[in-house]
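Protein sequence lines correspond, in order, to chains A and B.
The first sequence runs 1 to 358 under the numbering used here.
The second sequence runs 359 to 716 under the numbering used here.
All remarks here apply to the structure that follows.
Number of protein chains: 2
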Amino acid sequence: MSKLAEPGALRSPRRDLTGAPFLAAARGARPARTPVWFMRQAGRSLPEYRAVRQGTSMMRACFTPELVCEVTLQPVRRHGVDAAILFSDIVVPLYAAGVGVDIVAGTGPVVASPVRGAADVAALPALEPDAVAPIAEAIRLVIAELGSGPGGIPLIGFAGAPFTLASYLIEGGPSRNHERTKALMYAEPDTWHALLAHLAATTATFLRAQVAAGVDAVQLFDSWAGALSERDYREFVLPHSTAVLAALAESGLPRIHFGVGTGELLGAMAEAGADVVGVDWRVPLDEAALRIGPGRAVQGNLDPAALFAGSEVVATQARRIVAQGRAAGGHVFNLGHGVLPETDPDVLTRLVELVHSL
Amino acid sequence: MSKLAEPGALRSPRRDLTGAPFLAAARGARPARTPVWFMRQAGRSLPEYRAVRQGTSMMRACFTPELVCEVTLQPVRRHGVDAAILFSDIVVPLYAAGVGVDIVAGTGPVVASPVRGAADVAALPALEPDAVAPIAEAIRLVIAELGSGPGGIPLIGFAGAPFTLASYLIEGGPSRNHERTKALMYAEPDTWHALLAHLAATTATFLRAQVAAGVDAVQLFDSWAGALSERDYREFVLPHSTAVLAALAESGLPRIHFGVGTGELLGAMAEAGADVVGVDWRVPLDEAALRIGPGRAVQGNLDPAALFAGSEVVATQARRIVAQGRAAGGHVFNLGHGVLPETDPDVLTRLVELVHSL
């Protein structure tokens, strides 16, 4: 655990973002306008993204500071969102640590030698902060562009949570049923916990490096946690996600925790130490607020598929979500999952205007 | 609606299956042994299935009575399960009605001309019972082999529910995000309801043909319903699934209703008219029983991925599930989703023995 708690590592001069609606809502206040950003706002839905990515592999893009900076800023310029999110990928810290992993277009992450037992876990390389120096440099470039004071835009750092990283490592790539992952989890709990502790340390190191470089909040994505029952989540995952979020506590920055299909897990994911809990579209925000308990904010809830249904539908749903979000201790407007690649960017721009007007 | 309620169509002489544990549990009793069957028990996990399917396309197999009979019986012979389930595919009634759809290996159903608007819906062909005569013939062959009296094994008929069929028709194949489906649902509710009413009639016709041919229970699979919020499910789906199940009420046969990731929908899916509600592994059966309400049985709950974790894990989980199932009005042991193709069939056989011994 010592790696998770190097005191002082998180201290760095921060921009003054007093009054930024995103930070206020994430801390449980109700700012004058509901803040809005979109998961995957920096990505394939934007033609300017597709243009700058052309000819550059995903992994190379993630380690090229100027490109990360440009892509991170694109949706801020275009949509006027209330937060930027670092352009990165969930396997970036694994790649940086030296794990053989690549992003294959049309497939997703592919791991050269999947983790199948205790020896594989023991052989996993640790992440040294220096290995993510290009990401830290990207963060410094972004922040210089995002301004400070009134009108300054916060930057959200992010990382994948231990369970989701474990699934990629064990399955060797994206998996629909996570059968190898669950088999290891159930059959070899000691190996499992060693793996998740390693990944928690990796994730904490990565997020602390982002904090040290100047991000204003962090989001821990547990994309696949919804594949687990609450019982299994609490036994096999919660301690490790808790360790990651605890390692960021001293930063004082808002910590967002998100997964998809996690209606049954919202309470547990809040207990992990989240200041903001992400909610997909299956559970309305007022009900989510009950499950999450008092003193935490909610984020999300608009079905990304609804963005294909025309402006009237989008407006009706956005109004309902803003109204239901009032039941929570803070509401950050977002989608219930990432922007789908075919989304019309103009729909997103108009949605930001609408949410700001409500 | 007249198509859903031709009186007398369901009357046919039935086998005497008094005392069959599956039928008793499905009707809310607690038979001496907990009945067990597995979704997708007839399929790729069995080498004898792969042998007989070799060289025959999925759709051709589904319309070849002798082959359907053989494949349906294989898991009964091998595992000693308490029910057979008709070997078929969710798009069979669409294909039989004349919709251009095929099953492409490695992809799933592919629809030649996806449904994108009101004119496409109006042009959809109705299903005539004669078009599924080969399936009715297969059912008669299966039943002759399943015996009657003590030791006779019930046969479960099945069909895909209107929402899941609609998603295949609209997306043109399997879809992760169902964005076109939801866009049509939200943006053109009249077209949507016309489509789902058409598909409810198709499904009812298909299931009534199965009942007339002699199945002893039916399962309505709404594979993708878990992609919806409860609010949307109730508005856009529930009336149509209710119409299907109502069309089978006069048969007096148990009606099972199942979907994946439907923790939020269990109450609504019960209200649709299910005698048995299928539950995946995310919600324990005692909690599911509360959501479903009294007077209905539950089915399912073992994570298919747990079958890869060794016999001790399987036994521990099976014992827990049988114990939690006692909270419900009847419990049919099953997986929380279909058997995964890589599953070791011996694990299933031993699981049947174990559940019977508890």
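We put the beta carbon where it would ideally sit given N, CA and C, even for glycine.
- Message: Using 8 Å for Cβ pairs, my map puts A/T203 next to A/V121. What's the rounded Cβ distance?
- Response: Mapped onto the first sequence, residue 203 of chain A falls at position 203. Mapped onto the first sequence, residue 121 of chain A falls at position 121. No, A/T203 and A/V121 are not in contact; Cβ-Cβ is about 15 Å, not under 8 Å.
- At 7 Å on the CB atoms, spell out the chain C contacts of B/Y453, in chain order. The chain inventory of the structure shown lacks chain C, comprising the protein chains A and B.
- Compare the C-beta of A/A318 against all C-beta atoms of chain B and say whether one is closer than 9 Å. In the first sequence, counting from the first residue as 1, residue 318 of chain A sits at position 318. Not closer than 9 Å to any Cβ of chain B, the Cβ of A/A318 fails to qualify, so no.
- Meets three-Cβ-pair contact criterion under 8 Å: the stretch 174-183 of chain A and the stretch 130-150 of chain A: Fewer than three Cβ pairs drawn from the stretch 174-183 of chain A and the stretch 130-150 of chain A lie within less than 8 Å of each other, which leaves the two stretches out of contact.
- Name the chain B residues whose beta carbon is nearer than 8 Å to that of A/S229? Residue numbering aside, residue 229 of chain A sits at position 229 when the first sequence is read from its first letter. The answer, in chain order, is W639, R640, V641, P642 and D661.
- Item | C-beta contact flag for B/L623 and B/L586 at 9 Å | Taking the second sequence and counting its residues from 1, the one referred to as residue 623 of chain B is at position 265. Taking the second sequence and counting its residues from 1, the one referred to as residue 586 of chain B is at position 228. Yes, the Cβ-Cβ distance between B/L623 and B/L586 is below 9 Å.
- For A/V71, three-class secondary structure by DSSP: For this step, residue 71 of chain A is matched to residue 71 along the first sequence. Helix, per DSSP.
- Task: Whole angstroms is fine: what's the gap from A/I170's alpha carbon to A/A112's?
- Result: Counted from its first residue, the first sequence places residue 170 of chain A at position 170. Counted from its first residue, the first sequence places residue 112 of chain A at position 112. Cα to Cα, A/I170 sits roughly 11 Å from A/A112.
- Message: Could you tell me the alpha carbon to alpha carbon distance between A/V218 and B/L693, rounded to whole angstroms?
- Response: Locating residue 218 of chain A in the first sequence gives position 218, where the first residue counts as 1. Locating residue 693 of chain B in the second sequence gives position 335, where the first residue counts as 1. If I take the Cα positions, the gap works out to 38 Å.
- So with Cβ pairs under 9 Å, would you call B/H615 a contact of chain A? Counted from its first residue, the second sequence places residue 615 of chain B at position 257. Not an interface residue.
- Is it buried or exposed for A/S311, if we count other Cβ within 10 angstroms and need 16 for buried? By 1-based counting over the first sequence, the position of residue 311 of chain A is 311. Exposed, by the Cβ-count rule.
- Starting from B/A455, follow the alpha helix (DSSP H) in both directions and report where the run begins and ends. The residue labelled residue 455 of chain B in the question sits at position 97 within the second sequence. In the DSSP annotation of this structure, the continuous segment of the alpha helix (DSSP H) that includes B/A455 starts and ends at V450 to A455.
- Item | Residues of the stretch 166-185 of chain A with Cβ closer than 9 Å to any Cβ of chain B, in chain order | Listed by position along the chain: N177, H178, E179, R180, T181, K182, A183, L184 and M185.
- Task: List the endpoints of the continuous alpha helix (DSSP H) containing A/Q324.
- Result: Counting from one through the first sequence, the residue named residue 324 of chain A turns up at place 324. Residues S311 to G325.
- Task: Mind checking the stretch 681-698 of chain B against chain A and listing, in chain order, the residues whose C-beta falls within less than 7 Å of any C-beta there?
- Result: Listed in sequence order: L698.
- Kindly list the residues whose CB is nearer than 7 Å to the CB of B/S360, restricted to its own chain and excluding five residues on each side of it in sequence; keep chain order. In the second sequence, the residue the question calls residue 360 of chain B occupies position 2. Confidence at B/S360 is low in this model, with a pLDDT of 37, below 50, so its placement is unreliable and the value that follows should be read with caution. Same-chain partners within the cutoff: there are none.
- Can you tell me the Cα-Cα spacing of A/V76 and A/R50, whole angstroms? Translated into positions along the first sequence, residue 76 of chain A becomes position 76. Translated into positions along the first sequence, residue 50 of chain A becomes position 50. Roughly 16 Å between the two C-alpha positions.
- Any contact of the stretch 206-218 of chain A with the stretch 128-137 of chain A, i.e. 3+ C-beta pairs under 8 Å? Taking 8 Å as the limit for Cβ pairs, the verdict is that the stretch 128-137 of chain A does touch the stretch 206-218 of chain A.
- Item | Environment of B/L709 [buried if 16+ CB atoms lie within 10 Å] | As a position in the second sequence, residue 709 of chain B is number 351, starting the count at 1. With 16 or more other Cβ atoms within 10 Å, it is buried.
- Message: Run through chain B and tell me which residues come within less than 8 Å of A/G214, C-beta to C-beta.
- Response: Along the first sequence, read from residue 1 onward, the residue named residue 214 of chain A stands at position 214. Ordered by position in chain B, no residue passes the 8 Å Cβ test against A/G214, which lies about 34 Å from the chain.
- Message: Once the 5 residues before and after A/P345 are set aside, which same chain residues still bring their CB inside 7 Å of it?
- Response: One-based indexing of the first sequence puts residue 345 of chain A at position 345. Excluding positions up to five away in sequence, the list reads S45, L46 and R78.
- Task: Provide the residue span of the beta strand (DSSP E) that contains B/F691, from first to last.
- Result: As a position in the second sequence, residue 691 of chain B is number 333, starting the count at 1. Boundaries of the beta strand (DSSP E) harbouring B/F691: H689 to L693, taken from the DSSP string.
- Take A/A272 as the anchor and find which of A/G261, A/I156, A/A225 and A/A318 has the nearest alpha-carbon. Here residue 272 of chain A is taken as the residue at index 272 of the first sequence, counted from 1. A/A272 has its Cα closest to that of A/A225, out of A/G261, A/I156, A/A225 and A/A318.
- Task: State the DSSP-derived secondary structure class of A/P65, mapped to helix, strand or coil.
- Result: Mapped onto the first sequence, residue 65 of chain A falls at position 65. A/P65 falls in the helix class under three-state DSSP.
- Message: Bridge partners for A/H257 per DSSP, in chain order?
- Response: Along the first sequence, one-based indexing puts residue 257 of chain A at 257. Note: A/H257 sits in a beta bridge opposite A/L220 and A/V277.
- Would you check if the distance between the CB atom of B/V697 and the CB atom of B/T392 is smaller than 9 Å? Start at 1 with the first residue of the second sequence, and residue 697 of chain B comes out as number 339. Start at 1 with the first residue of the second sequence, and residue 392 of chain B comes out as number 34. Going by C-beta atoms, B/V697 is not nearer than 9 Å to B/T392.
- Cβ of A/E342 within 9 Å of any chain B Cβ: Mapped onto the first sequence, residue 342 of chain A falls at position 342. With 9 Å as the cut-off, A/E342 counts as an interface residue toward chain B.
- Message: Could you compute how far the alpha carbon of B/P662 sits from the alpha carbon of B/Q682?
- Response: The residue given as residue 662 of chain B occupies position 304 in the second sequence. The residue given as residue 682 of chain B occupies position 324 in the second sequence. Rounded to the nearest angstrom, the two C-alpha atoms are 18 Å apart.
- Message: Using DSSP's beta-bridge definition, name the partner residues of B/I501.
- Response: Counting from 1 along the second sequence, the entry for residue 501 of chain B is found at position 143. B/I501 pairs with nothing; no bridge assigned.
- Residues of the stretch 135-169 of chain A with Cβ closer than 8 Å to any Cβ of chain B, in chain order: none
- Count the other C-beta atoms from every protein chain shown that fall within 10 angstroms of the C-beta of A/G106, then say buried if there are 16 or more, exposed otherwise. As a working mapping, residue 106 of chain A is identified with position 106 in the first sequence. So A/G106 ends up on the exposed side.
- Item | Cα-Cα separation between A/L302 and B/L425, rounded to whole angstroms | Here residue 302 of chain A refers to the residue found at position 302 when the first sequence is read from its first residue. Here residue 425 of chain B refers to the residue found at position 67 when the second sequence is read from its first residue. Near 46 Å, if we compare the C-alpha coordinates of B/L425 and A/L302.
- How long is the line joining the alpha carbons of A/D130 and A/R296, rounded to whole angstroms? Within the first sequence, residue 130 of chain A is the residue found at index 130, counting from 1. Within the first sequence, residue 296 of chain A is the residue found at index 296, counting from 1. In a straight line, the C-alpha of A/D130 is about 33 Å away from that of A/R296.
- Are any of the Cβ atoms in chain B nearer than 9 Å to that of A/G28? Within the first sequence, numbered from 1, the residue matching residue 28 of chain A stands at position 28. It does not: the Cβ of A/G28 has no partner Cβ on chain B nearer than 9 Å.
- Item | A/V352, DSSP secondary structure in three states | Position 352 of the first sequence holds residue 352 of chain A. In the structure shown, A/V352 sits in a helix (DSSP, three-state: H, G or I).
- So which of A/L196, A/P154 and A/V101 has the shortest CA-CA distance to A/A118? Looking up residue 118 of chain A in the first sequence gives position 118. Nearest option by C-alpha distance: A/L196.
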